[in-house]
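In the working numbering, the protein residues as written are -3 to 242.
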């Protein structure tokens, strides 16, 4: 029987690579998509060449606590207990804090941080009862070092790190691990669409002088989900080319 995984933010550059890596490891993957965005999700599904046995598209508003609780409990009845949860949903609403509107703050906190509670909480107890599982949260280098104009984003991503350490402490006695992957600048389609001079400026600040590949992020997630990583918990794995060294 295949292991069961769920990922939020599955269609973005990093999320798409993680989805492929999870499927390649033999998991059945539940890939969430935003309310009303089925056509976009189906287009992504078809472009990846997935089959319905491999991937199930699942409509979910990750910012809605009540909906997540109801739908994810029903999902467990249909699919079983999850072995892997990957929280990757994320948005940005950049701007200097002195000018930042409450809407920009709460949009980012709700999507990037509160979603981690909304998705993980309904699934965690069953994982602990089963006695095995992985929770992997996709944070960011800017959650480690901060970034001008990203007070909301940095706060959310730093919050993910603190949450993960606490969850790791709770899950350890039941064989459930929790870890963070914190990417730096990554060569997603959105980033690579930047002007060449802007990209060159970014690369010049990175000791390795290049962007991360989405597949490098995905490979780290796949490793943390593996049996070989069963003794790793509460850790933040930085993949930033040396941009920030804790």
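For glycine and all other residues, C-beta sits at the position ideal for the given N, C-alpha and C.
Keep in mind that this is a model prediction, so the values were computed, not measured.
Could you have a look at residue i and say whether DSSP puts it in helix, strand or coil?
i: residue 29; result: strand
i: residue 162; result: helix
i: residue 203; result: coil
i: residue 208; result: strand
i: residue 175; result: strand
i: residue 58; result: coil
i: residue 189; result: coil
i: residue 242; result: coil
i: residue 229; result: coil
i: residue 184; result: coil
Can you name the start and end residues of the beta strand (DSSP E) that residue i belongs to?
i: residue 54; result: 51 to 55
i: residue 129; result: 129 to 134
i: residue 2; result: 0 to 3
i: residue 234; result: 232 to 235
Determine whether the beta carbon atoms of residue i and residue j lie at a separation below 8 Å.
i: residue 176; j: residue 157; result: yes
i: residue 185; j: residue 208; result: no
i: residue 152; j: residue 109; result: yes
i: residue 111; j: residue 182; result: no
i: residue 54; j: residue 129; result: no
i: residue 72; j: residue 150; result: no
i: residue 69; j: residue 101; result: no
i: residue 189; j: residue 229; result: no
i: residue 10; j: residue 210; result: yes
i: residue 235; j: residue 216; result: yes
i: residue 118; j: residue 60; result: no
i: residue 75; j: residue 0; result: yes
i: residue 18; j: residue 218; result: yes
Alpha carbon to alpha carbon, how far is residue i from residue j?
i: residue 127; j: residue 120; result: 11 Å
i: residue 204; j: residue 7; result: 27 Å
i: residue 125; j: residue 24; result: 20 Å
i: residue 225; j: residue 62; result: 33 Å
i: residue 58; j: residue 86; result: 10 Å
i: residue 88; j: residue 162; result: 25 Å
i: residue 241; j: residue 232; result: 12 Å
i: residue 49; j: residue 26; result: 10 Å
i: residue 20; j: residue 103; result: 33 Å
i: residue -2; j: residue 16; result: 15 Å
i: residue 38; j: residue 56; result: 14 Å
i: residue 132; j: residue 206; result: 25 Å
i: residue 146; j: residue 95; result: 12 Å
i: residue 115; j: residue 43; result: 26 Å
i: residue 138; j: residue 166; result: 26 Å
i: residue 83; j: residue 220; result: 14 Å
For the alpha helix (DSSP H) holding residue i, just list the boundary residues, first then last.
i: residue 14; result: 9 to 20
i: residue 41; result: 34 to 44
i: residue 145; result: Careful: residue 145 lies outside any alpha helix (DSSP H) and carries neither H nor E.
Which runs of the alpha helix (DSSP H) fall wholly inside the region 51 to 117 and span at least 4 residues, in chain order?
-> 61 to 75, 98 to 105
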